[in-house]
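Q: Sharing a structure below in structure tokens format, with a few things to ask.
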Amino acid sequence: MGVVDDAGAVQTMSEAKLASTGPGGMRGTGVLQAIARMSSTRTNYWVGHAADFLVSFVLLGTAYWLGHGHSALVSVLVFLLGLLIFSFIEYAFHRWLFHGPVRLFEHGHTIHHEQPLGYDSLPFFFPPAVVLLLAAALALVLPTAMALLLTGAIALGYALYGFSHMIIHRRGRFNHPLARKWAAVHHVHHFHSDKNYGVTSPLWDFLLGTWYVSKSKVR
Ligand SMILES: [Zn+2]
Ligand SMILES: [Zn+2]
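Be aware that the sequence shown starts at 740, since it is given in the working numbering, and climbs by one per residue.
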């Protein structure tokens, strides 16, 4: 999974805790180590992808079921806003956290750059838990259906990001030229890590000056 390739972050937390605690902290340390071990398994990787989609569908479905009170146009606009917000989160996390100065965030992503086909990812329950907390927080300030719709769209953006990143690295050559160009943009990032932070779309790279395409055309 994507924003995301940070089982290493959990591992780093675990190491730090191990160094700073005595026997009294052993139980907590054991749990963190178990989570870190689980985060590098293939099962966690695939369950994580499924859980990301599941939580977004549950939120969007519940928002639809609660519905009413606003027009279909407003719903579509809120949904698109959620996707747009996620595209910026994707860019910002990748640029300023995963390629940033703090080792806790950077470490796991470095593993992805070194082993793009590895299975290290966040614990499967972590992104859905964050999404549900976000939904609860937004429900305090927005009508519930609107909060769930917005959060569901952000969560769908995240799930699509994870899926996109996975197929870019695992599928091999795409048949359609546009899909090949899209995948090539991310492959460029693996060689020029200060360019092309967007995986699902190049929008924020265009706007913030980090877009790069190889002079030799992708065919
Ligand atoms: Zn990648
Ligand atoms: Zn990167």
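Even for Gly, the Cβ is constructed at its ideal location relative to N, Cα and C.
Taking 7 Å as the cut-off, does the CB of PRO855 come closer than this to any heavy atom belonging to ligand 1?
A: In the sequence shown, counting from the first residue as 1, residue 855 sits at position 116. Under cutoff, so the answer is yes.
Q: Confirm, please, whether the CB-CB distance from GLY806 to ALA884 is below 8 Å.
A: Within the sequence shown, numbered from 1, the residue matching residue 884 stands at position 145. Within the sequence shown, numbered from 1, the residue matching residue 806 stands at position 67. A contact, by the Cβ cut-off of 8 Å.
Q: Could you give the distance in angstroms between the alpha-carbon of ILE824 and the alpha-carbon of GLY891?
A: As a working note, residue 824 is residue 85 in the sequence shown. As a working note, residue 891 is residue 152 in the sequence shown. Between ILE824 and GLY891, the C-alpha separation is close to 12 Å.
Q: Decide if ALA688 is buried, meaning its Cβ has at least 16 other Cβ atoms within 10 Å, or exposed.
A: The first residue shown for the chain is 740 and the last is 958, placing residue 688 beyond what the model contains.
Q: Should HIS928 be labelled buried (16 or more other beta-carbon atoms within 10 Å of its own) or exposed?
A: On the sequence shown, position 189 is the one that residue 928 refers to. The residue is buried, with at least 16 neighbouring Cβ atoms inside 10 Å.
Q: Taking the alpha-carbon positions, what's the GLY873 to ILE893 distance?
A: Sequence index remark: in the sequence shown, residue 873 carries index 134 (1-based). Sequence index remark: in the sequence shown, residue 893 carries index 154 (1-based). The residue you asked about is not Gly; residue 873 is Leu in the sequence shown. One C-alpha to the other measures close to 10 Å.
Q: For PRO866, which residues from the same chain have a beta carbon less than 6 Å from its beta carbon, with the 5 sequence-adjacent residues on both sides left out?
A: Position 127 of the sequence shown, counted from the start, is the residue given in the question as residue 866. Close CB contacts of PRO866 within its chain, under the 6 Å cut and outside five residues either way in sequence, are with ASP791 (chain order).
Q: Taking ASP933 as the reference, give the member of VAL817, TYR830, ARG842, VAL794 with the closest Cα.
A: One-based indexing of the sequence shown puts residue 933 at position 194. When each option's Cα is compared against that of ASP933, the closest is TYR830.
Q: Which residue comes first and which comes last in the alpha helix (DSSP H) that contains PRO867?
A: In the sequence shown, the residue the question calls residue 867 occupies position 128. Taken as a continuous stretch (DSSP letters only), the alpha helix (DSSP H) holding PRO867 covers 865-878.
Q: Skipping 5 residues on each side, what residues in its chain have a beta carbon closer than 6 Å to that of HIS833?
A: As a working note, residue 833 is residue 94 in the sequence shown. TYR936.
Q: Just verifying my parser: in three-state terms, what is the DSSP assignment at ASN935?
A: Working through the sequence shown from its first residue, we reach residue 935 at position 196. Looking at ASN935 - three-state DSSP - the assignment turns out to be coil, as it is neither helix nor strand.
Q: Beta carbon of HIS928: closer than 7 Å to some heavy atom of ligand 2?
A: For this step, residue 928 is matched to residue 189 along the sequence shown. Within the cutoff, so yes.
Q: The alpha helix (DSSP H) with TYR858 in it runs from where to where?
A: Here residue 858 corresponds to residue number 119 of the sequence shown, with the count starting at 1. Taken as a continuous stretch (DSSP letters only), TYR858 belongs to no alpha helix (DSSP H), as it is neither H nor E.
Q: Does DSSP put THR768 in a helix, a strand or coil?
A: For the purposes of this step, residue 768 is identified with residue 29 of the sequence shown, where counting begins at 1. The answer is helix: DSSP assigns THR768 an H, G or I state.
Q: So is PRO941 buried or exposed if we call it buried at 16+ other beta carbons inside 10 Å?
A: Walking along the sequence shown from the start, residue 941 turns up at place 202. With a threshold of 16 other beta carbon atoms within 10 Å, PRO941 meets it and is buried.
Q: Looking at C-alpha atoms only, which residue of ARG919, GLU845, PHE837 is the closest neighbour of ILE907?
A: On the sequence shown, position 168 is the one that residue 907 refers to. Nearest option by C-alpha distance: ARG919.
Q: Using the Cα positions of PHE796 and ALA775, report the straight-line distance between them to the nearest angstrom.
A: Within the sequence shown, residue 796 is the residue found at index 57, counting from 1. Within the sequence shown, residue 775 is the residue found at index 36, counting from 1. Each residue's Cα considered, the two are about 27 Å apart.
Q: Between PRO762 and the rest of its own chain, which residues show a CB-CB distance below 6 Å, the 5 nearest in sequence each way excluded?
A: Translated into the one-based positions of the sequence shown, residue 762 becomes position 23. Bear in mind that the predicted position of PRO762 carries a pLDDT of just 48, short of 50, making it unreliable; the figure below should be weighed with that in mind. Same-chain partners within the cutoff: there are none.
Q: Cβ of PHE827 versus every heavy atom of ligand 2: is any distance shorter than 7 Å?
A: If you number the sequence shown from 1, residue 827 lands on position 88. PHE827 Cβ: outside cutoff for every heavy atom of ligand 2.
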